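If you read the sequences in order, they're chains A and B.
The numbers in numbering that gives the first Met the number 0 rise by one with no breaks, and the one at position 133 of the first sequence is 132.
The numbers in numbering that gives the first Met the number 0 rise by one with no breaks, and the one at position 75 of the second sequence is 74.
Glycine included, C-beta positions come from ideal geometry on N, C-alpha and C.
Since we're looking at a predicted model, the values are computed, not measured.
Written out below as structure tokens is the structure these notes cover.
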Amino acid sequence: MTRDLLRFATAGSVDDGKSTLVGRLLYDTKSVLADQIEAVQRASVDKGLATPDLSLLVDGLRAEREQGITIDVAYRYFSTPRREFVLADTPGHVQYTRNTVTGASTAELAVLLVDARNGIVAQTRRHAAVLALLRVPRLVLAINKIDLVDHDEAVLTAIGKDFAGLARSLGFSEDAVVTIPVSALAGDNVVERSARTPWYEGPTLLGHLESVPVVGPEVRAPFRMPVQYVIRPRREELHDYRGYAGQVASGTVAPGDEVVVLPGGRRTTVASVETADGPLQSAGAGRSVTVLLADDIDISRGDLLAAADDPPRVTDQLDSTLCWLAEKPLRPGARLLLKHGTRTTQVMVGAVTERLDTETLRFGPSPEQLQINDIAHVALRTADPLPVDEYADIRATGSFLLIDPPTGTTLGAGLVGLPLADALS
Amino acid sequence: MTLEVRTPDALDALESESIHIFREVAGEFDRPVILFSGGKDSTLLVHLAVKAFAPAPVPFPLLHVDTGHNYPEVIDFRDRLADRLGLRLVVAHVQDWVDDGRVSERPDGTRNPLQTVPLLDTINENRFDAVFGGGRRDEERARAKERIISLRDAFGRWDPRMQRPELWNLYNGRHAAGEHVRVFPISNWTELDVWRYIQRESVELPSIYYAHERPVFRREGMWLAEGPWGGPRGNETLVTKSVRYRTVGDGSCTGAVESTATTLDEVIAEVTASRLTERGATRADDRLSEAAMEDRKREGYF
């Protein structure tokens, strides 16, 4: 049997028990080995704890251990006979936007954690808004610490109802959201079904992670592939070989397909789709391939191959939603670099029109400058025209980075269009 | 035209991700190099690089920081692989740095931490701007927070608090003159993924990864081979055991595990059933302190 791969992210507020939940998932799927458990037991004894603190399994850097906090996104790995998992564990408090945006950008599902005693709090709403903005296809609300509300069905139903309303207002469809009552500390409904919640008939957290479909929206979207590199063997027998190397960003590509090369606009036909293991009949989203074309066109890194009958628009004016990730504020008029697909170009920042109020989850008037963790609508003008899709339609061709030219630092994450505002309205 | 029916599995997804990373770096950097020790992870890197650029050759040289504490089988394997692929192999001999005093031997004789200075010097001398390594995030907790493309300053240092956020599959490799990036194309692979892929692709590995008879002695709970790095000493005694290696590093600090696994199937069965992580089981260099790897990475280690 083949095992597929699910990339997911976790998010939660401080003290919701997220580290314990992640530790529990690793521990109960037997992904933690003896030397790691021994290290946790030793550290737990040193801290005077009676039982091993599973959250120590996911402690990372020295500063994090010293301060008892998580600073940065950490990646965890576990697997079951049915599926392999890549977990982006995003910390809840420090720079939550930066971390949640990072974790969510590659996630096919997100687990949002709340404390059963507190229910949906402001931080939950902020996290859910970021997950909606990044178009994470599926959400799980894990209501943790159910032992502390006596496994009371009424409490958990009320939180689930609150959350369903929030998720709907953020544009998640009903079947994209699942609510699961858990106790990370005791292990209830994480991997093992709990006898203490007989009224709960849904899946355990792991059961859900194992069975949820991983086919993302990219599969059904029109074909897009940024050209990463031109492969020219320069050998006698392959004298005329020109292969365009890239990872299929969306849709599928097959020999005979008509494609357009953007931003130039020349059209041609796919002659073959190759890999080191031989030619393919077709390749779908996520696959790294080398595409050979019927006509000899000048194509280089930075160009985009797209379905000729459903191409992206080519523009140098972007209405975008920006997540500002840097301490250095964003000022209108700033000249930055923009990386979109495999092309980097200069960009001029226009007006900041609206900023997300993270209390009300409404876009409203913005201060002139953006600060770290701000999410705002910003008009941009690029030096070169870019072939873009709305982020809501195709994540890969609707996303970009903003980079500080002197330092090379990544300043912001950009989304083409207003995906969150559209969902909220 | 019929559509491909086979659904991509986890190994296909990981392979495609790694190939994408290799091609990004080839497209954006002038002088990349692959760190290649002959170990399984760096052999996997080279295999993936070959697949990323086929039918053209891999457009990077290989770099080995040679501690001198080697297994002859691995050095032989290293040279044969570079030769077969027609790739230039740059070797930085730690011994040269010891001889002219740029680094000093440690009292315990371990040379793994000594690799950092020769590595950084060689990167500078060759003006390498992107250095591929076989580090995986599942290996160790400091590595769990490592980026796929990770900036190093002019001193080769890693600052975990100043890492660039890494979103979608958009990698930001911009760097100033004198800086370089480390690139980890197999970040998201686990030890078991590596073994299953090696099996699926019939990747050749040095023989020491399979069970063989070897005289070994016990030190700090590990089976070490005798060699120029010192040992056995004092009351340590040599015994012949059937062993294999799970990682290949400096001979002075890389332990063998008792094993009878002589085939890939048997190795995979053993890795699946193992109760120890590969670094915990066989790497004394990670036991130096609770943050041993983090400290070495901050100083420029791979």
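Restricting attention to Val-100/A, Asp-256/A, Leu-355/A, the CA atom closest to the CA of Leu-292/A is found in Asp-256/A.
For Val-45/B, the enclosing alpha helix (DSSP H) stretches over residues 39-52.
Pairing Thr-268/A with Val-258/A, the inter-Cα distance amounts to about 6 angstroms.
The beta-carbon of Thr-271/B is placed no less than 8 angstroms from the nearest beta-carbon of chain A. For Gln-246/A, a Cβ of chain B is located within less than 8 angstroms of the residue's own Cβ. The beta carbon of Arg-265/A sits closer than 6 angstroms to those of Ile-296, all from its chain and outside the five residues before and after it, given in chain order. Not flagged as an interface residue toward chain A: Gln-198/B, since no C-beta distance is shorter than 8 angstroms. Within chain A, no residue has its beta carbon less than 9 angstroms from that of Asp-264/B; the closest one is some 17 angstroms off.
A Cβ-Cβ separation of about 10 angstroms leaves Phe-171/A out of contact with Ala-109/A under the 8 angstroms criterion.
As a beta-bridge residue in DSSP terms, Pro-225/A pairs with Leu-303/A.
For Glu-209/A, no chain B residue has a C-beta closer than 9 angstroms to its own C-beta; the minimum C-beta separation is roughly 13 angstroms. For Asp-356/A, the beta-bridge partners assigned by DSSP are Arg-361/A.
Here Asp-294/A is exposed: its Cβ has fewer than 16 other Cβ atoms, across all protein chains shown, within 10 Å. DSSP places Glu-257/A in the strand class (E or B) of the three-state scheme.
When 8 angstroms is used as the limit between beta carbons, Val-85/A is near these residues of chain B: Asn-187, in chain order. For Gly-233/B, there is no enclosing alpha helix (DSSP H), as DSSP marks it with neither H nor E. Spatial neighbours of Gly-134/B in its own chain (CB-CB distance under 6 angstroms, excluding positions within 5 residues in sequence) are listed in chain order as Arg-142, Phe-183. Annotation: Glu-139/B to Leu-336/A spans about 34 angstroms, alpha carbon to alpha carbon. Closer than 8 angstroms to the CB of Arg-218/B there is not a single CB belonging to chain A. The criterion of a C-beta distance shorter than 8 angstroms is satisfied by Ile-158/A and Gly-118/A. When C-beta atoms of the stretch 212-224 of chain A are compared with those of the stretch 296-315 of chain A, three or more pairs fall below 8 angstroms, so the two segments count as touching. Within chain A, the C-beta atoms nearer than 8 angstroms to that of Gly-26/B come from Gln-227, Tyr-228, Arg-300, Thr-341, in chain order. Annotated three-state conformation of Asp-3/A is strand, per DSSP. Proximity of Pro-366/A to chain B, defined by a Cβ-Cβ separation below 8 angstroms, is not satisfied. The DSSP assignment places complete alpha helix (DSSP H) segments of no fewer than 4 residues inside the stretch 177-242 of chain B at 190-200, in order along the chain. The C-beta of Pro-60/B comes no closer than 8 angstroms to any C-beta of chain A.
The beta carbon of Asp-128/B sits no closer than 8 angstroms to any beta carbon of chain A. At a cut-off of 3 residues, the continuous stretches assigned as beta strand (DSSP E) that sit fully inside the stretch 156-237 of chain A are 176-180, 223-225, 228-230. Among the residues facing chain A, Ser-15/B is included, as its CB has a counterpart in that chain under 8 angstroms away.
Look at Asn-123/B here: in three-state DSSP terms it is helix. Spanning the alpha carbons of Gly-206/A and Ser-241/B requires a straight line of approximately 41 angstroms.
The three-state reading of DSSP puts Trp-96/B in helix, counting H, G and I together. Among the residues of chain B, those whose CB is under 7 angstroms from the CB of Val-100/A are Leu-166, following chain order. Straight-line measurement puts the Cα of Val-49/B at about 16 angstroms from the Cα of Gln-246/A. Annotated as distal: Gly-37/B and Val-202/B, with beta-carbon spacing of 8 angstroms or more.
With respect to chain B, the C-beta atom of Gly-285/A has a partner C-beta closer than 8 angstroms.
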